[in-house]
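> If you number the sequence shown the way our numbering does, the last residue is 1132 and the count never jumps.
Think of the CB as a built atom: it goes at the ideal place given N, C-alpha and C, for glycine as much as any other residue.
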Amino acid sequence: MSSMSGGSETVSFQASETQNTIQRILQSCSKLVEAGDIHESDSTISELVKFLDSLSDAALSDPNNEPAQNDAFDALNEIHQYICSPSLAQEAVDALSFELPKAVSKFAGISNRFLDKAISIIDQFLEKCGPRDMLSILCNTLGYSSNMTKAASYILPPLSGLSKVFTSIKRRHFEQVQVAVPIILNVLKAVALDSDDADDAELESVFHRAVGIANSIYEVCNKLDGASNEKLRALLGLYVLQCLALLSASISYKDSTCHLMVLELSQISSYCGLTYMSLLTAFDVETVAGFVFGEDKDAHMSCLSHVKHGAALSVVWGLVSEEVAHATKESLVAIKDDLHNNQTKRWQAIGTLKHVLSFVNLPWELKKHTINFLLCITDGCVSGEYLGEHSEWSSYMPNIFTALQVLADIPDTQRFDILKALITNTDSSSMIAIFIDIVRREMHMEVCNSTSVKEAPDSNNEMHPDMPFWTPSVLELVESVLRPPRGGPPSLPDASDAVLSALNLYRFVLMTESTGKTNRTGVLSRSNLVKAYNEWLLPLGTLVSGIMTENKNDYDQLAVDTVCTLNPLELVLYRCIELVEEKLKQSTT
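(1) Just tell me which of S630, S795, D827, S791 has its CA closest to the CA of G894.
(2) Quick one, are the C-beta atoms of D1175 and L591 less than 8 Å apart?
(3) To the nearest angstrom, how far is it from the Cα of E513 to the Cα of I979?
(4) Sorted by chain position, which residues of the same chain lie with C-beta nearer than 8 Å to L1080's C-beta, five sequence neighbours on each side aside?
(5) If contacts are defined as beta-carbon pairs under 8 Å, then L781 and V850 qualify, I think. What distance do you get, rounded to the angstrom?
(6) Mind listing, in chain order, the continuous alpha helix (DSSP H) runs of no fewer than 4 residues lying wholly within the region 803-883?
(7) Using the beta-carbon count (16 or more within 10 Å), is P1000 buried or exposed?
(8) Have a look at T913 and I698 and give me their C-alpha separation to the nearest angstrom.
(9) Just tell me which of K671, A646, Q612 has its CA closest to the CA of E634.
(10) Mind checking which residues open and close the alpha helix (DSSP H) that includes Y796?
(11) Would you check if the region 602-612 and the region 660-669 touch, i.e. whether three or more CB-CB distances between them fall below 8 Å?
(12) Go to K593, then tell me how far its alpha helix (DSSP H) extends in each direction, as first and last residue.
(13) Check whether the region 841-849 and the region 876-892 are in contact - that is, three or more C-beta pairs closer than 8 Å.
(14) Is the number of C-beta pairs between the region 683-690 and the region 714-721 that are closer than 8 Å three or more?
(15) So the alpha helix (DSSP H) R675 belongs to, where does it begin and stop?
(16) Would a C-beta distance cut-off of 8 Å place D960 and L918 closer than the cut-off?
(17) Taking the continuous alpha helix (DSSP H) assigned at A694, which residues delimit it?
(18) Using only CA atoms, which one of L1086, D596, L569, L575 lies nearest to C627?
(19) Give me the Cβ distance between E621 and Q562, rounded to the nearest whole Å; I'm assuming they're in contact under 8 Å.
(20) Below 8 Å between beta carbons: does that hold for L1112 and P1032?
(21) What is the DSSP secondary structure of D742, counted as helix, strand or coil?
(22) By a C-beta neighbour count over all protein chains shown, 10 Å radius and 16 as the cutoff for buried, is L669 buried or exposed?
(23) Which residue's Cα is closest to the Cα of S696: L603, D580, I588?
(24) Can the beta-carbon of L789 be found closer than 8 Å to that of A855?
(25) Using 10 angstroms around the beta-carbon of V636, count the other beta-carbons present and answer buried if the total reaches 16, otherwise exposed.
(26) Three-state secondary structure (DSSP) at F978?
(27) Using alpha carbons as the reference points, say which of T800, I794, V754 lies closest to L779.
(28) Which of the three DSSP states, helix, strand or coil, is assigned to K524?
(29) Please confirm whether C815 and R752 have their CB atoms less than 8 Å apart.
(30) Thinking just about the alpha-carbon of each residue, which of V749, S1057, R1069 is nearest to the one in S793?
(31) Rank R656, Q957, H582, I756 by C-alpha distance to the C-alpha of P701 and give the top, closest one.
(32) How many angstroms separate the CA atom of S1068 from the CA atom of K732?
(33) How about L1035 and L1114: do their beta carbons lie closer than 8 Å?
(34) Taking 8 Å as the threshold (beta carbon to beta carbon), is S813 in contact with chain D?
(35) CA-CA distance, G1059 and L1046?
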């Protein structure tokens, strides 16, 4: 019993000693500040910070050490009471405000009561120092998070404080928010993507505060009009999209809290004028950043690294949640129809949606919805305005080629479906040629990687599990080019790029199946050989021969270009005819 009593007395003595130490340092600091002794007051504040660090370190290092936690909380409580004192000189408050927000924020990772107390202390500083001064102090506090091991918990008090600062600012609202947002976004990015020590609950709390900041900026927007409102709304849009991307990559897709935060961000995005169609087809991060940051745009692009991902995810979340789509007042049916009927917008949308597939941190569920949407807008769509020779490709071609680079992120069977849809619903011969070459490359890689080609022959037409591109569907692709659905042979020389690629694909499949003694695609069956010979190759040969004869003795530039264009096509065509004739001679059934 005496031992327990002695232990209790020890705990009581330690707590009292902590309170006495905090009181002594704070009183000493106040006297030095009032006396104008800046050097000694700074030294005293450093002593206070070191003492607080020792308490927070002890409590964080051993969550089960109740005496250490009691000491730590007593220290925070003492500081809070001191800052709340109406008799405290403003000079002392100002001096303490530079360092104490960092020191007390370190306690936030111990438990919720420490977090609440740290926030209360920062709120007192905000009340006594004013929002403009606290803006720079809290931004500095956030920047210090890179030195913290538990950064996710550490940034919660300053994020909470900034949310209140924004709504308390009386003038120059845009300029003040413009300074803070890049700092906030960089810290969120570091915690969400680069930190390994944050658990789900901590990240959830972080993004709850991040969404709170978005709501605060929204509230400020409603106070402004004219150019200031326009620029702040543009900045808010960038902030929301970056947050949406980081949130989607950090919080569990199945968590109801995640859906609620996405809903809030989506509503604010809609307020900023970011419609689904504009995000998919017309949103340019650099242009908006230039409007917001002016000549300093390049210095801030790193904090906007995932805005493009957020633009795509805004639409994907509308597909995931009817509630989100309803809140944004968007009609996804109308958007799908529009993308179906407009080839230019469809390419631009593909270029935007590719960011979801290339973002390795995102859950598979979001990528699956993206793939389904891609299939929806590319499969069976009606060709829109024809992209002729003089159409403006430069604005969206980079998006197309970048999108193609992430096709590898899509599962094999769905990747083939997307390529097939792109081939059958594209008017451009050059683009069809590119897509067919991708199919041929995929098939070549599957042959190289599959041991089945080197082992016992399999004459069945069933899809091999490791070779999903080697199916009868590949012959349908060839037929769609060599014998277009609208009837008759392809238009030459306009479609020469697509025809040459289709012939090369057919020759590759025919030779590979023959060499490997397989028939997965059905290319070696007699019926398919006869069909290819009579319906694809011979009519095409007749067309090519006629065009070549017509232009052979004509020496104007158009005729010369036509002959040069068809020469390689003619060589591959006649090689295909020879191969089919050989196989037909060997075939008995």
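With the given structure in hand:
(1) As a first step, residue 894 is located in the sequence shown; it is residue number 351 there, counting from the start. For G894, the closest of S630, S795, D827, S791 by C-alpha to C-alpha distance is D827.
(2) A question about residue 1175 goes unanswered here, because the residues of the chain that appear run from 544 up to 1132.
(3) As displayed, the chain neither begins before 544 nor continues past 1132, which places residue 513 out of reach and without an answer.
(4) One-based indexing of the sequence shown puts residue 1080 at position 537. Taking L1080 as the centre and dropping the five residues before and after it, the same chain places the C-beta of L1025, L1116, C1119, I1120, V1123 closer than 8 Å to its C-beta, in chain order.
(5) Residue mapping note: residue 781 aligns to position 238 of the sequence shown, counting from 1. Residue mapping note: residue 850 aligns to position 307 of the sequence shown, counting from 1. Sure, about 6 Å apart at Cβ, within 8 Å.
(6) Entirely contained in the region 803-883, the alpha helix (DSSP H) runs reaching 4 residues are, in chain order, 819-824, 828-836, 840-843, 850-863, 865-870.
(7) As a working note, residue 1000 is residue 457 in the sequence shown. Low local confidence applies: a pLDDT of 49 at P1000 is under 50, so the model's placement there is unreliable, and no value is given.
(8) Here residue 913 refers to the residue found at position 370 when the sequence shown is read from its first residue. Here residue 698 refers to the residue found at position 155 when the sequence shown is read from its first residue. Roughly 33 Å separates the two Cα atoms.
(9) Your numbering for residue 634 matches position 91 in the sequence shown. Answer by Cα proximity: K671.
(10) The sequence position of residue 796 within the sequence shown is 253, counting from 1. From DSSP, Y796 is part of no alpha helix (DSSP H); its letter is neither H nor E.
(11) No, the region 660-669 is not in contact with the region 602-612.
(12) For the purposes of this step, residue 593 is identified with residue 50 of the sequence shown, where counting begins at 1. It spans 581-604 - the alpha helix (DSSP H) in which K593 sits, taken as one unbroken run.
(13) Between the region 841-849 and the region 876-892 there are fewer than three inter-stretch CB-CB distances shorter than 8 Å, so the stretches are not counted as touching.
(14) Taking a cut-off of 8 Å on C-beta distances, the region 683-690 does not touch the region 714-721, as fewer than three cross pairs fall below it.
(15) Position 132 of the sequence shown holds residue 675. Its alpha helix (DSSP H) spans residues 674-686.
(16) Looking up residue 960 in the sequence shown gives position 417. Looking up residue 918 in the sequence shown gives position 375. Yes. Within cutoff.
(17) Within the sequence shown, residue 694 is the residue found at index 151, counting from 1. For A694, the enclosing alpha helix (DSSP H) starts and ends at 694-697.
(18) The residue you call residue 627 lines up with position 84 of the sequence shown. When each option's Cα is compared against that of C627, the closest is L569.
(19) For the purposes of this step, residue 621 is taken as the residue at position 78 of the sequence shown. For the purposes of this step, residue 562 is taken as the residue at position 19 of the sequence shown. Confirmed, Cβ separation roughly 5 Å.
(20) Stepping through the sequence shown from its first residue, residue 1112 is reached at position 569. Stepping through the sequence shown from its first residue, residue 1032 is reached at position 489. No, the pair does not count as a contact, with Cβ atoms beyond the cut-off.
(21) Locating residue 742 in the sequence shown gives position 199, where the first residue counts as 1. Under the three-state reduction of DSSP output, D742 falls in the coil class, being neither helix nor strand.
(22) For the purposes of this step, residue 669 is taken as the residue at position 126 of the sequence shown. Of the residues assessed, L669 falls on the buried side of the cut-off, its CB having 16 or more other CB atoms within 10 angstroms.
(23) The count along the sequence shown starts at 1 and reaches residue 696 at position 153. It is L603 whose Cα lies nearest to the Cα of S696.
(24) The residue labelled residue 789 in the question sits at position 246 within the sequence shown. The residue labelled residue 855 in the question sits at position 312 within the sequence shown. No, these two residues do not count as a Cβ contact at 8 Å.
(25) For the purposes of this step, residue 636 is taken as residue 93 along the sequence shown, with counting starting at 1. Buried is the call here.
(26) For the purposes of this step, residue 978 is identified with residue 435 of the sequence shown, where counting begins at 1. Three-state result, F978: helix.
(27) By one-based count along the sequence shown, residue 779 stands at place 236. The residue with the shortest Cα to Cα distance from L779 is V754.
(28) Only positions 544 to 1132 of the chain appear in the structure, and residue 524 is not among them; the question remains open.
(29) Within the sequence shown, residue 815 is the residue found at index 272, counting from 1. Within the sequence shown, residue 752 is the residue found at index 209, counting from 1. Contact: no.
(30) For the purposes of this step, residue 793 is identified with residue 250 of the sequence shown, where counting begins at 1. Selected option, being the one with the closest Cα: V749.
(31) On the sequence shown, residue 701 is found 158 positions in, with the first residue counted as 1. Considering only alpha carbons, the answer is I756.
(32) The count along the sequence shown starts at 1 and reaches residue 1068 at position 525. The count along the sequence shown starts at 1 and reaches residue 732 at position 189. Here the alpha carbon of S1068 sits roughly 57 Å from the alpha carbon of K732.
(33) As a working mapping, residue 1035 is identified with position 492 in the sequence shown. As a working mapping, residue 1114 is identified with position 571 in the sequence shown. Not a contact, by the Cβ cut-off of 8 Å.
(34) In the structure shown, chain D cannot be found, because there is only a single protein chain.
(35) As a working mapping, residue 1059 is identified with position 516 in the sequence shown. As a working mapping, residue 1046 is identified with position 503 in the sequence shown. Near 20 Å, if we compare the C-alpha coordinates of L1046 and G1059.
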